[in-house]
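Structure, as structure tokens:
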Amino acid sequence: MSSTNQNNGAKKIIGLEEWERKLAEVKVSKQDLNKLIMNYLVIEGYKDAAEKFSRESGLQPGIDLASIEDRMNIRNAIQSGDIEDAIERVNDLDPEILDTNPKLYFHLQQQRLIEFIRDGRVGEAIEFAQEELAPRGEENPEFLEDLERTMALLAFEDTSVSPVGYLLDHAQRQKTASELNAAILTAQCQEKDPKLPSLLKMLVWAQNQLEEKMLFPKIRNLVTAELEAPAPSG
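Per UniProt numbering: the sequence shown ends with 234, consecutive numbering throughout.
Written out as structure tokens, the structure reads:
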């Protein structure tokens, strides 16, 4: 077996075939994998997929799947820019969610302001900012900074060249929707983050730690999960 020298020490190399053999020796129960999949489907709101997976795997979702539909209707309202509808739906579901989370409520109102600006309703945007957001900004420096950043959109006729133009990206709606989704899950005593992304981050971290000691096949593309053999040393 070949080796390389790094920091005055030999770095072990494990080839693809040997690494795959080692991976095959690691036993993970199908039940644990099914729970991981169900956890992701439920938290991310894939109701139909969760129902189908429950039937096929025999694994119960652990919650009333109807509650997923409520969350997804709220998320869809935000992603389509109808923030007022989302707020009404949240209050119908559980008014304490927004009553006890002023930061979340401000971000929802900030998103409403962004939608006014997106639609070119400048007068309504200014009035809404003065009546709904400015008073909260006076009480909280963080809110005031967010408000000023949002109002800066009005300084550019072409928002694509604005340094805060990213607020008009779909990713901003997604960010607001995810924050609200997490709050709803917390209020329902559910996990707010799926386990799978955390495990993938742990995988990347573990690979980086191990790479300091040896060369081995890595998963560089988390989408395909293909193992990439270690490059030969030059």
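Idealized CB from N, CA, C, for every residue including glycine.
Rounded Cβ spacing between L154 and V122 (contact assumed at less than 8 Å): Right, their Cβ atoms sit about 6 Å apart.
At least 3 beta-carbon pairs within less than 8 Å: the region 180-196 vs the region 31-48: The region 180-196 makes contact with the region 31-48: 3 or more CB pairs, one atom from each, lie closer than 8 Å.
Near the ligand MN: L147 beta-carbon under 6 Å from a heavy atom: The model depicted lacks the ligand MN and carries no ligand whatsoever.
Straight-line Cα distance separating I117 from A77: 18 Å
Same chain, Cβ closer than 7 Å to N91, neighbours up to 5 away in sequence not counted: L98
Burial state of I170 (16 or more Cβ within 10 Å): Here residue 170 is His; the residue named in the question, Ile, does not match the sequence. Its Cβ having fewer than 16 others within 10 Å, H170 is exposed.
Distance CB(E179)-CB(L113) smaller than 7 Å: It is not a contact, given that the beta carbons lie outside the stated cut-off.
Given 8 Å, three or more beta-carbon pairs between the region 45-61 and the region 159-168: no
Helix, strand or coil at K35 [DSSP, three-state]: Helix, per DSSP.
Nearest candidate by alpha-carbon position, reference K47, set K35, I37, A66 and L168: A66
Rounded separation between A24 and R71 - CA only: 39 Å
Backbone CA spacing between F156 and M38 [nearest angstrom]: 45 Å
Which of helix, strand or coil DSSP assigns to E228: strand
Distance between K11 and K213 (C-alpha atoms, nearest Å): 6 Å
Buried versus exposed call for R173 [16 or more other C-beta atoms within 10 Å across all chains shown]: buried
Rounded C-alpha distance that separates F216 from V26: 16 Å
According to DSSP, residues forming a beta bridge with L215: I13
Environment of N181 [buried if 16+ CB atoms lie within 10 Å]: buried
C-alpha distance - A134 paired with E96, whole-angstrom precision: 23 Å
Chain-order list of residues whose beta-carbon lies under 6 Å from that of residue 302 (same chain, five-residue window excluded): This structure does not reach residue 302, given that the chain is present from 1 up to 234, and the question cannot be answered.
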